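Peer 1: One structure follows; several queries about it will come next.
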Amino acid sequence: MIQLYDLCGKNNLRFSPPCWNIKLCLLHKKIDFETIPVRFSEKNKIAFSGQGLVPIVKHNKGFVFESWNIIEWLEKNYTERKLFKNESSKNFSYFLYFWTSRQLLPILFKIIAHEIPNILEGEDINYYIKTREERINGPITKFKPYISDNILEFKKMISPVRKLIETNGFISGKNPGLEDYIFYGNFRWVYSCSSCELLDTNDIIYDWYKNLSAQSEV
Ligand SMILES: N[C@@H](CCC(=O)N[C@@H](CS)C(=O)NCC(=O)O)C(=O)O
4 MIQLYDLCGK
14 NNLRFSPPCW
24 NIKLCLLHKK
34 IDFETIPVRF
44 SEKNKIAFSG
54 QGLVPIVKHN
64 KGFVFESWNI
74 IEWLEKNYTE
84 RKLFKNESSK
94 NFSYFLYFWT
104 SRQLLPILFK
114 IIAHEIPNIL
124 EGEDINYYIK
134 TREERINGPI
144 TKFKPYISDN
154 ILEFKKMISP
164 VRKLIETNGF
174 ISGKNPGLED
184 YIFYGNFRWV
194 YSCSSCELLD
204 TNDIIYDWYK
214 NLSAQSEV
């Protein structure tokens, strides 16, 4: 059976955006899988992969890491229930993958960075604070004064996607697909790690998120 190495916090909380993306892809393809919880400080569990990040998918012939590589591997090895409907849907998904990792997650990080220690325990708390403070060159609280500005900025950035959901029901069209799974990780991260009310509850994206969450119980 496929094993998905999945970032894990306190009380078995799974909060990593790309890990959620891969879980939804596995569910979409109806592939049997189990998740292996990996805490920030448990790099020994994933040492076999020669790098320190999840998601990693282990299969009977080896392993794959980096969510986009995993998606391509899944699509090549499980040809039923396609993730790439055609070349344009693949390209749009690739765009969403880069947009998410390069622009959306960094802005969301500024909104929730100071709350993430609350969902961690033990050594993970110091690991998270140390690594992130080195990365941002300052305390994880440094963006707190700008939370509402960053929420506004985020909402502005995602407004074209709202239009797609209004028009079609999902980003992928009439049914959820890879484009939705990639975008979903953003919200799952925020709602798992923070008390921030990122979206208005009457926002159609909020309904979309709740709907996908209900379908992704694993
Ligand atoms: N571009 C990678 C990002 C992977 C990544 O950054 N994973 C984070 C969790 S979201 C991680 O494993 N962090 C562990 C650490 O910071 O030590 C992907 O899409 O797979």
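End of the sequence shown = 221 in this note's numbering, gap-free, step of one.
Every residue gets a Cβ at the ideal spot worked out from N, C-alpha and C, and that includes glycine.
Remember, it's a predicted structure, so these values are computed and weren't measured experimentally.
Using a Cβ-Cβ cut-off of 8 Å (strictly less than) and excluding sequence neighbours within five positions of Val193, which residues of its own chain qualify?
Peer 2: Closer than 8 Å at the Cβ level, and outside the excluded window around Val193, lie Leu111, Ile114, Ile115, Cys199, Leu201.
Peer 1: Using only the alpha-carbon positions, how far apart do Val60 and Val67 sit?
Peer 2: Rounded to whole angstroms, Val60 to Val67 spans 5 Å at the Cα level.
Peer 1: Would the C-beta of Tyr130 count as close to ligand 1, meaning under 8 Å from any of its heavy atoms?
Peer 2: The answer is yes for Tyr130.
Peer 1: CB Gly12 to CB Leu123, shorter than 9 Å?
Peer 2: In this structure, Leu123 lies closer than 9 Å to Gly12 by Cβ.
Peer 1: For Glu182 versus Phe95, is the C-beta distance shorter than 9 Å?
Peer 2: Their beta carbons are under 9 Å apart, which means Glu182 touches Phe95 by this criterion.
Peer 1: Taking Cys22 and Ile74 to be in contact with their CB atoms under 8 Å, please state how far apart those CB atoms are, rounded to whole angstroms.
Peer 2: Between Ile74 and Cys22 the Cβ distance is about 13 Å, and since that is not below 8 Å, they are no contact.
Peer 1: Tell me whether Arg135 sits in a helix, a strand or coil according to DSSP, three-state version.
Peer 2: Helix at Arg135.
Peer 1: What separation, rounded to the nearest whole angstrom, lies between the Cα atoms of Asn15 and Asp9?
Peer 2: Roughly 10 Å between the two C-alpha positions.
Peer 1: Can you tell me the Cβ-Cβ gap for Ile143 and Glu136, rounded? I've got them flagged as a contact below 8 Å.
Peer 2: About 6 Å separates the two Cβ atoms, so the contact holds.
Peer 1: With H, G and I counted as helix, E and B as strand and the rest as coil, what does DSSP make of Ile154?
Peer 2: Here Ile154 sits in helix by DSSP.
Peer 1: Which residues share a DSSP beta bridge with Thr38?
Peer 2: Paired residues: Leu7.
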